[in-house]
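Written below as structure tokens is the structure these notes are about.
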Amino acid sequence: MSQIFADRRAAVPARVISFCGAALAVWAGLAVQPAMAVDPPVDCGRALGLHFWSSASLISDQTPDGTLIGKPVVGRSLLSKSCKVPDDIKEDLSDNHDGEPVDIVLELGSNYKIRPQSYGHPGIVVDLPSGSTEETGIAIYIDFGSSPMQKVGERQWLYPQKGEVLFDVLTINGDNAEVRYQAIKVGPLKRPRKLVLSQFPNLFTYKWVFMRGTSQERVLAQGTIDTDVATSTIDLKTCRYTSQTVSLPIIQRSALTGVGTTLGMTDFQMPFWCYGWPKVSVYMSATKTQTGVDGVALPATGQAAGMASGVGVQLINGKTQQPVKLGLQGKIALPEAQQTESATFSLPMKAQYYQTSTSTSAGKLSVTYAVTLNYD
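Here you go:
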């Protein structure tokens, strides 16, 4: 048995054993070889461009969504300063890449939520970082001026101008790019107030990306773009009317003696609250009206059985004692809205029955007027 074992060992070619040993040695060498160190991007700091003008604006409930408000705030030459590069690549850049272009990528700050639509504008719309967009209906519109916003990643866009390698630093030669921001109306005004837009820290992170789009792509330096110089003040003006039901007294059908008879005149007040000194008027309208007679609304067609017929309701302006003209032509100015920043007041009105037909029937009567506020 021992002899057979010895013969088999001798029959194994020596080169096979030697080859396996070399292979093991190679793998062992790879396992202990240290990886090449790569330095992190250099911190280029905070970029703050030349921001021009402040603005004051008024908007109302009737301002259409997508309306740009006030003047745009313009940041120019944001990245005109040079930036250092990581130590591990300085020599290579200086020796082999001097003068080569470097892309600058802007990444929107994490505190800014992008809205799904830009309302036909070429830029992007983001919610206010304070979370007040839901209350005010105001957001921030951002674009690059006359330059298109070329998207290159999730929440990332190319800066309108390239940088370049200058020996062992990064620089921009004559940066004339713009980043503009402006208030924009995006929704209903739920909480009217004075809104001041002035500080948007960390609006973008800017990244100097060398050899972008290749296997050697690397972020060499980065920093933040803040906007906190210009101030945009927006008075979110509005008026609110509180819907109400006015009850007229019960009358006898026998008291209706002919077309044009009026009965049961009732005084009431239309309550309003206005904010922001708006110049505003109000008008009433109805789906069904009496032709040739001001202020008369009729019951809707197809009312249930037991409802009165041949009678409508007429509105009277309590200030002028004249019937109210229905529709926009009959708008009534509300100067009380401009007396204080936050004004609560009432418009005196009257309502009465108005006989519209020689044929009448007894029953309940219900008419509805729509109240519309019109900002001048």
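Read left to right, the sequence shown gives residues -37 to -1, 1 to 339 (mature numbering (1 follows the signal peptide of the UniProt record, and there is no 0)). Note that the Cβ used here is the ideal one computed from N, Cα and C, for glycine as well.
Going by C-alpha positions, Ile295 is about 32 Å away from Val159. The beta-bridge partner set that DSSP reports for Gly8 consists of Gly186. Looking at the DSSP output, Gly126 shares a beta bridge with Val65.
In the DSSP assignment, Glu141 falls within the beta strand (DSSP E) that extends over 141 to 148.
Secondary structure at Asn136: coil, using DSSP grouped into helix, strand and coil. Under the DSSP assignment, Ser57 falls in the alpha helix (DSSP H) whose first and last residues are 53 to 59.
For Thr96, the enclosing alpha helix (DSSP H) stretches over residues 96 to 99. Note on geometry: alpha-carbon atoms of Arg181 and Trp240 lie some 55 Å from one another. Leu69 and Val48 have their C-alpha atoms spaced approximately 18 Å apart. Taking C-beta atoms under 8 Å as the contact rule, Tyr316 and Val276 qualify, at a distance of about 7 Å. Distance from Asp66 to Val172 at the Cβ level is roughly 5 Å; contact confirmed, criterion being Cβ atoms closer than 8 Å. Look at the beta carbons and you see the stretch 137 to 150 touching the stretch 31 to 47: at least three pairs across the two are nearer than 8 Å. Across the structure, Lys44 and Ile135 are spaced so that their CA atoms are roughly 7 Å apart. Taking a 10 Å sphere around the C-beta of Pro79, we find fewer than 16 other C-beta atoms and assign the residue as exposed. Between Phe163 and Glu141, the CB-CB gap reaches or exceeds 8 Å. By the CB criterion at 8 Å, Thr250 and Ala271 fall outside the cutoff. 8 Å or more divides the Cβ of Val334 from the Cβ of Leu297. In this structure, Thr321 lies away from Arg216, with their beta-carbon atoms at least 8 Å apart.
For Asp90, the enclosing beta strand (DSSP E) starts and ends at 87 to 90.
Taking C-beta atoms as the reference points, His60 and Val128 count as a pair closer than 8 Å. With a beta-carbon spacing of about 5 Å, Ser81 and Val88 fall inside the 8 Å limit used to define contacts. The beta-carbon distance between Ser195 and Val36, rounded to whole angstroms, is 7 Å. This is short enough to meet the 8 Å contact definition.
When DSSP reads this structure, Thr307 sits in a beta bridge with Trp236. Distance check between Pro4 and each of Ile101, Ser210, Ile52, Asp90 places Ile52 closest, using alpha-carbon atoms only. If you look at Asp198, you'll find it in the beta strand (DSSP E) that goes 195 to 199.
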